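Number of protein chains: 2
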Amino acid sequence: MERITTALTVLTNTGADRAALPLLWWLGPIAAIVALFFAILFYKQMMRRSEGNEQMKFIAQAVREGAMAYLSRQYRVVALVFVVLFVIFLVLSFLKLQNPIVPFAFLTGGLFSALCGYFGMKTATNASARAAHAASKNLNSGLQVALRAGAVMGLVVVGFALLDITLWFLLLYAGFPILFPQHFISLAANPLPQITAIMLSFGMGASTQALFARVGGGIYTKAADVGADLVGKVEANIPEDDPRNPATIADNVGDNVGDVAGMGADLYESYAGSILATSALGVAAVNLAGNNLLPGKSALQIGLLYITAPIVLSALGIVLSILAIYMVRTKDEASQSELINSLSRGLNLSSIGIAVLSLPLLYVLGLPNWFAIWICVLAGLGVGLVIGKSTEYYTSHAFQPTRNIAEQADTSSATALIEGLAVGMESGAIPVAVVVIGIMISYYVAGGVDNLLMGLFGVGIASVGMLSTLGFTLATDAYGPIADNAGGNAEMSGLDRQVRQRTDELDAVGNTTAAIGKGFAIGSAALTSMALLAAYLEEIRLVLIELRGIDSLLVRGELIPVMQMTMQNFMDFYHVSLLNPSVLAGLFIGAATTFFFSAMTMRAVGRAATGMVEEVRRQFREIKGILDGSARPDYARCVEISTAAAQREMLAPSLVAIIVPVVVGVIFGIPGVLGLLAGALVSGFSLAVTMANAGGAWDNAKKYIEVGEFGGKGSAAHKAAVIGDTVGDPFKDTAGPSLNILIKLMTMVSVVFAGLVVAFSQGQGLIYMLLH
Amino acid sequence: MERITTALTVLTNTGADRAALPLLWWLGPIAAIVALFFAILFYKQMMRRSEGNEQMKFIAQAVREGAMAYLSRQYRVVALVFVVLFVIFLVLSFLKLQNPIVPFAFLTGGLFSALCGYFGMKTATNASARAAHAASKNLNSGLQVALRAGAVMGLVVVGFALLDITLWFLLLYAGFPILFPQHFISLAANPLPQITAIMLSFGMGASTQALFARVGGGIYTKAADVGADLVGKVEANIPEDDPRNPATIADNVGDNVGDVAGMGADLYESYAGSILATSALGVAAVNLAGNNLLPGKSALQIGLLYITAPIVLSALGIVLSILAIYMVRTKDEASQSELINSLSRGLNLSSIGIAVLSLPLLYVLGLPNWFAIWICVLAGLGVGLVIGKSTEYYTSHAFQPTRNIAEQADTSSATALIEGLAVGMESGAIPVAVVVIGIMISYYVAGGVDNLLMGLFGVGIASVGMLSTLGFTLATDAYGPIADNAGGNAEMSGLDRQVRQRTDELDAVGNTTAAIGKGFAIGSAALTSMALLAAYLEEIRLVLIELRGIDSLLVRGELIPVMQMTMQNFMDFYHVSLLNPSVLAGLFIGAATTFFFSAMTMRAVGRAATGMVEEVRRQFREIKGILDGSARPDYARCVEISTAAAQREMLAPSLVAIIVPVVVGVIFGIPGVLGLLAGALVSGFSLAVTMANAGGAWDNAKKYIEVGEFGGKGSAAHKAAVIGDTVGDPFKDTAGPSLNILIKLMTMVSVVFAGLVVAFSQGQGLIYMLLH
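Residue numbers (numbering that gives the first Met the number 0), protein chains in the order written: chain C, 0 to 771; chain D, 0 to 771.
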């Protein structure tokens, strides 16, 4: 007991000169609570609405039950994984290979992420029938219900993330020193590096949860979708969401578990990860620069300013998001273009708001390089917007690339597939270009020439700025599947065709905004990962001091205190150069891991979908009267198949993400890990964009044909496009988005297992040990 | 004139202590001439055989004319590109940004590569009817004709490559100093670094030619193939190579221009590139180690040993390849398994021969670390064999992955496509693992811990060892399309069904050996590229001294003579660390370039195939009586369409490969280039394996169904598999193999344009210039 107490106090010691938190820091927890308050408000408003007639309620109830049954089974599997990892971390702690607070921080990251998924999905499944019912009144009412329900998800994510981060910080900064008053001077007067390093492990909890949610949800939804489409649309020639299709309920459940719960966990992780990585870098940058940055203030005081900066930006983003949600309201009988304008207004308001208001906030906060940091925020917003626009260009059928696919579909499915793959592969060029430009601008503007860590802090701030309005962008993201489900409900309940038309319009509006949301998600992943590379080395520094008790290292013949080692010293000590075969091995393995991981998730979808196809065919064959509507298909069996398949299939790919960095770290050491992370980042980014956009483009090429081009529904071109869409489903909804998380989870795993890796020749790895 | 003379002599000065070439070095040119002699012998033997009846001759002639017409048009376009590049190089030379011999070395690389393509294709197009005619006697005769014809290609490639390399070396080492006797002491007493650096630009000629051949040939063959398959097989339900199909001659021409001429140029480039890169590294390693390696000998004398090592290995490989070709002969009525055994015997003989005989040769040569270098040869062979076996596992329908695709085809084409993509993505894991293991073994065994360059020389030797038996492996590779064409000829000439069965068997045997050949090609590309990264920095060293007149640089506060800078000094001077945003930008752009390039080549195939599909449909519609055989289709029109499409489409992707490294070099400097090359290498490797194996697996899944599984030919599963095969065509025969060359061409371009890049702040790049 005393050991634990001792350990905890060691880790939380704040030294003699305790500094008060900047006043603006408190905006963080306040905004978090405000976000949660509005989430509850929107939820209650939504629940007060009517769910419509009995048939609508029945279908909504079936989807709800399926979704919740899935979620509880998923959480049970994930809980098991968390318990195993928790025990591993505890054992590592007792072996002095791990910080003893890490296991707990890890747990809360996972827990809050799971809560977001739960609340988001509860809201979404309650909203679909209500949105359908509201849409039977008019378009705007449907929009309001769906968007407000999506906003619950958005606000819960940002609220919980910011709450968890600020509470942990309070606990580590002020709580533990009060609870355990003995002080151990370990990192001079500045405990912030320790605190931010511990908090990164909270990110690993969120990432692990997110990967399971994305992979499991992605498998579920696409197995159902592919199964429903292939047999229903192609073979039996019945429309989407037709109640005669046995897989239709599973399909609608899938939208919720994949696109709502999965996406929520995904973006929770991105949001929290970018704030945590940026904080760690800010502290590290200040630590090395000393008090040159702001004469007269201690490193602790300046560090607190840099920790506060991302929190202030996020708090501002929350307020703007709530305002933006309220902005989205139009006349009762709005046209579609008015709707799009309305949503765009929200997006513009929040983006411009961040751009304009962050300047005075950063100034008032008192950051020495406040203007430069503001430029980084702008760079981040710019990157997100351009990626979003590029995504829209490549995936919307208003533009040439998607129309070309439709044209190729008129030749054959094979040429449509080739063209779609080409569109996807081409579409990475603009995002990569703007990410590179964004990195260069924020790195150099923030001061990377003199202080590499400050440059990377700038890159981190760019990703925080980009994600700051997540409350709103996620609302517009989550709104899509809700509108989609509303349409399904309307179709299955046999509502007026006009209702279905309206929900389709809502869905279509959502696609445009979702493209921009995706741009933000993937752009921030790239920027955050770059920041995490440096955060990883900061973690190594602490591990060397805290766990290994190493005060100084011999770097190229010079003994340098570990506390004062620059990033360059680390690179020198670990021989991290592009000609070191361990770095190249890491790069190779990193790139290959992204492909291998995608293979696993794609195959999982393929296998699960085959099971679904067989079941749907069996029902059509064995249950007489399904097609003429005289008999009801066995929906539950299809839900069960998707659920079981997702559970079975999600484990292996997720374990790959956890095991690879540890094994590479042990064998190739820290140069290998850095290579691995960089390789996975650059290769995974291109691959993820390729998959997401190819999938999106196939989907919309199909829709383009459905609106009457190239022969319209039922034509040969349409059949070819449906095949493209089906291949694209696991691309855009399973493998592609999972890659984002894979990249970051591998970094987080590296950070958390740094202690183990450093145990092998100070992190030079087994191969080095054997050769020296 | 005098300036040129002066320049030439500067570049070729050998200093005072001229050393004689090691006796074993002369094995190189001798083996090259022997190879060319046997190539002529095999060609004459083949030409003495009968081409069969009039119809066979007519078809062979049509294919021959189409192929030669294509080749001459391709060469005209490429010649134009070469002239432009030649002029650019000349201008750069006069601006002192380029070595004045480079333009000429560049030209010969391209010229000899073009000759290989020409002779290879001339042989192949003359052999097909003869192989068909021989196969009408018995299986073994068909095998002999096809394999010997393939051997012409194999021997021409290794012969010309080794001849060009050894002649240039003689000219630079001994010829120029005699022609231009004034001596300019520029690199002390050792001219080898200059000579090997100049010779690398010969590699760029070969790479440029190879890329055009691969991309152009790949587009040609797949446009014809896809067009023929989609309309002929799927829509009109006529079998492969049916004379009623208007695209069938174009399809057969395509096999020759893509799989023979394209592959020949590809492997010529790999073979020459690995020898050149390894020589450059050997010289550099010796140069830095000084005469510690072999006391009593000068750096020049030791350097000559290291230059001789890859040449001796290649010479040995040529002799073994010729023996292996003679080994492949069985009884007249051999069964298929006997045939496979016969081919495998040849492969085993040459591989074991290299493994056993290289040990005494390296010992006799007198390399100080001869045993270690021998281990590297073994490592290289091992990597090639394992990748080959892994390729076979993933793409042969004797194994589970391909059968799974066939099974998924029974569900739908979409699931077959998903499964195939998953198989491809998964199949990179083993190749990456063995490449990493091969790199680690050869690097450390060769002595990379003490001398990084010697470690990389070991990696280079591994790739030379792997490719040493190319004479034979390429024969088995080129033999495939010849057998395929023989089958086409038999089918179109209405020969006995038994003949077609025999050629199909020959084709099938070729698939197995071709898989191993592909393993060698892609494995060596990875190893050579790694070696080229260091060779690039060696080039920078020479550029700094020769062109910029910089004798020493300030590296971290210490003034170091450029001649004595270690690789680490270069890394330090240019800030090449994984946290340098320029390096990361390069990595991002490198990965993205491989995707973008693939998109361009895939789309080119899609576009060209669409044109072909429309033409074939038009002919079926407009030329009455094609399908009942009463009218002859317009073959020439289809040949023309493929030719024109390939010409039009090959330029843009090839220019990307040339422009990107130059632009990245100018903007981001040398750290950016190194990042670019590493990013393209690791991402391109995984992507290339993915594409090649997914394509191969789809192809064989279709064949598996055709032999009677899942309903056999004409079943729904078969139709689904044909779609998969069609999507796989550009994967495996256009984009995938082109990536290999892209990776190396980008490195070669960087090497050749090093002078231009160094002109910007000594190679720190524009961004650095602007910021400092």
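Positions of the beta carbon are idealized from the N, C-alpha and C atoms, including for glycine. In this text the structure is predicted, and so the values were computed from the model without any measurement.
Using DSSP's beta-bridge definition, name the partner residues of residue i.
i      : result
D:E614 : According to DSSP, D:E614 bridges with nothing at all.
C:S551 : C:P560
So, with DSSP's three-state summary, where would you put residue i?
i      : result
C:L96  : coil
D:G108 : helix
C:H771 : coil
D:L20  : coil
C:Y42  : helix
D:R344 : helix
C:S597 : helix
D:F752 : coil
C:Q763 : coil
D:F602 : In the sequence under discussion, the amino acid at residue 602 of chain D is Arg, which differs from the Phe named in the question. Three-state DSSP puts D:R602 in a helix.
C:S714 : coil
D:F398 : coil
D:P359 : helix
Check whether chain C comes within 8 Å of residue i, counting only Cβ atoms and requiring the distance to be less than that.
i      : result
D:E425 : yes
D:Y74  : no
D:T220 : no
D:P99  : no
D:I39  : no
D:A533 : yes
State buried or exposed for residue i, treating a residue as buried only when at least 16 other CB atoms are found within 10 Å of its CB.
i      : result
D:Y634 : buried
D:F37  : buried
D:L146 : buried
D:D409 : buried
D:L654 : exposed
D:D627 : exposed
D:D265 : buried
C:Q193 : buried
D:I438 : buried
Assuming residue i and residue j make a contact with CB atoms under 8 Å, what is their CB distance in whole Å?
i      : j      : result
C:M424 : D:A598 : 4 Å
D:Y219 : D:T642 : 7 Å
D:G671 : D:A584 : 6 Å
C:L232 : C:D732 : In the sequence on display, residue 232 of chain C carries Lys and not Leu. Not really, about 17 Å apart at Cβ, beyond 8 Å.
C:G516 : C:L455 : That pair is no contact at about 25 Å.
C:I274 : C:V285 : That pair is no contact at about 17 Å.
D:T247 : D:D241 : 7 Å
D:A534 : D:L280 : 6 Å
Is the Cβ of residue i closer than 8 Å to any Cβ of chain D?
i      : result
C:T410 : yes
C:Y703 : no
C:G158 : no
C:I417 : yes
C:Y393 : no
C:S597 : yes
C:R147 : no
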